[in-house]
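According to our numbering, the sequence shown is numbered sequentially starting from 39.
In what follows, a single structure is set out as structure tokens and then discussed.
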Amino acid sequence: MIKFKYLMRIIIGGIIFGELFTFTANAGSWVSVDNSWRYYSDVQTGWYKSNGYWYYNDDKGIMKTGWVKSEGNYYYLDLQTGKMLIGWIQDKGNWYYLNSDGKMVTGWLEYNGNLYYLNVHGAMVKDVYIGAYYLGPDGAWREEHQHCR
39 MIKFKYLMRI
49 IIGGIIFGEL
59 FTFTANAGSW
69 VSVDNSWRYY
79 SDVQTGWYKS
89 NGYWYYNDDK
99 GIMKTGWVKS
109 EGNYYYLDLQ
119 TGKMLIGWIQ
129 DKGNWYYLNS
139 DGKMVTGWLE
149 YNGNLYYLNV
159 HGAMVKDVYI
169 GAYYLGPDGA
179 WREEHQHCR
């Protein structure tokens, strides 16, 4: 009988302790699920900022990586972290430029005093003439090679 009373005190004490000290799941954290990362808070979809970096989750809350098309623009999200990148990136042998908003740039780009041409897919064009403009092996316009076609 003493063992039963002792056991009941432990069980009741555990229930009371559990009621007094309840904990919620850690909202706002990354969890690895089926080889992809999910950000848990309230279901987070679309663009959001965390710790100063932009991320993008699909409609199921799964963090996207690589190229993402959003509202007609392309963005590149780091393959490991999912962070939106800006500036020059290299992907599959091509160079792309992402402006300060992370949007992929197409057409003529002035960067550090040089002119570059990024095709309709955003890839930097190099070692070719675009109209009368010669773009060198590094993709920069070479004024000394300019000619009329």
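Backbone N, C-alpha and C fix where the C-beta goes; we use that ideal spot for every residue, glycine too.
Remember, it's a predicted structure, so these values are computed and weren't measured experimentally.
Pairwise C-alpha distance: residue j and residue i
i           : j           : result
residue 186 : residue 93  : In this prediction, residue 186 scores a pLDDT of 48, lower than 50, which makes its location untrustworthy; no coordinate-derived value is stated.
residue 100 : residue 168 : 41 angstroms
residue 142 : residue 104 : 12 angstroms
residue 108 : residue 173 : 30 angstroms
residue 162 : residue 82  : 34 angstroms
residue 64  : residue 148 : Note on residue 64: pLDDT 44, under 50, position unreliable in the model; no value is reported.
residue 74  : residue 164 : 36 angstroms
residue 176 : residue 154 : 9 angstroms
residue 95  : residue 129 : 21 angstroms
residue 180 : residue 150 : 14 angstroms
residue 136 : residue 146 : 13 angstroms
Contact check, residue i vs residue j, beta carbons under 9 angstroms
i           : j           : result
residue 122 : residue 114 : yes
residue 138 : residue 127 : no
residue 170 : residue 152 : no
residue 15  : residue 86  : There is simply no residue 15 to check, as the chain begins at 39 and stops at 187 in what is shown.
residue 88  : residue 66  : yes
Residue from the options with nearest C-alpha to residue i
i           : options            : result
residue 134 : 109, 157, 180      : 157
residue 68  : 159, 120, 161      : 120
residue 116 : 131, 91, 98        : 91
residue 159 : 150, 144, 148, 165 : 144
residue 106 : 70, 140, 166       : 140
residue 71  : 98, 84, 80         : 98
Length-filtered (3 minimum) beta strand (DSSP E) runs lying within the segment 111-175: Within the segment 111-175, the complete beta strand (DSSP E) runs of at least 3 residues are 111-115, 125-129, 132-136, 145-149, 152-156, 166-168, 171-173.
Start-end ranges of the beta strand (DSSP E) lying completely within the segment 64-100, minimum 3 residues: Inside the segment 64-100, DSSP marks whole beta strand (DSSP E) runs of 3 or more residues at positions 67-71, 74-78, 84-88, 91-95, from first to last along the chain.
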